[in-house]
């Protein structure tokens, strides 16, 4: 996944970060891109597992 942001270790694809970086995006723009991708993800397995494990205690 060279240059791709993936939100899951089992992802088949990812969001290309090379293009915005090569186009000269600022740190603030890059932060906005990464935050947007992360917030829109559908794979929340770690969060679900964490909630389930904390309910048991």
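In my numbering, the protein residues as written are 1137 to 1193.
Virtual Cβ for every residue (Gly too), placed ideally from N, Cα, C.
Proximal residues to residue i (C-beta, below 7 Å), its chain only, five neighbours per side dropped
{"i": "residue 1170", "result": "1141"}
Pair within 8 Å by beta-carbon distance, residue i and residue j
{"i": "residue 1139", "j": "residue 1153", "result": "yes"}
Chain D within 8 Å of residue i, Cβ atoms only
{"i": "residue 1190", "result": "In the structure shown, chain D cannot be found, because there is only a single protein chain."}
N- and C-terminal bounds of the alpha helix (DSSP H) containing residue i
{"i": "residue 1168", "result": "1163-1175"}
{"i": "residue 1157", "result": "1154-1158"}
Close Cβ partners of residue i (< 6 Å) along its chain, the five nearest in sequence each way excluded
{"i": "residue 1143", "result": "1177, 1179"}
Sequence-distant residues of the same chain with beta carbon closer than 8 Å to residue i, five excluded per side
{"i": "residue 1166", "result": "1153, 1156, 1157"}
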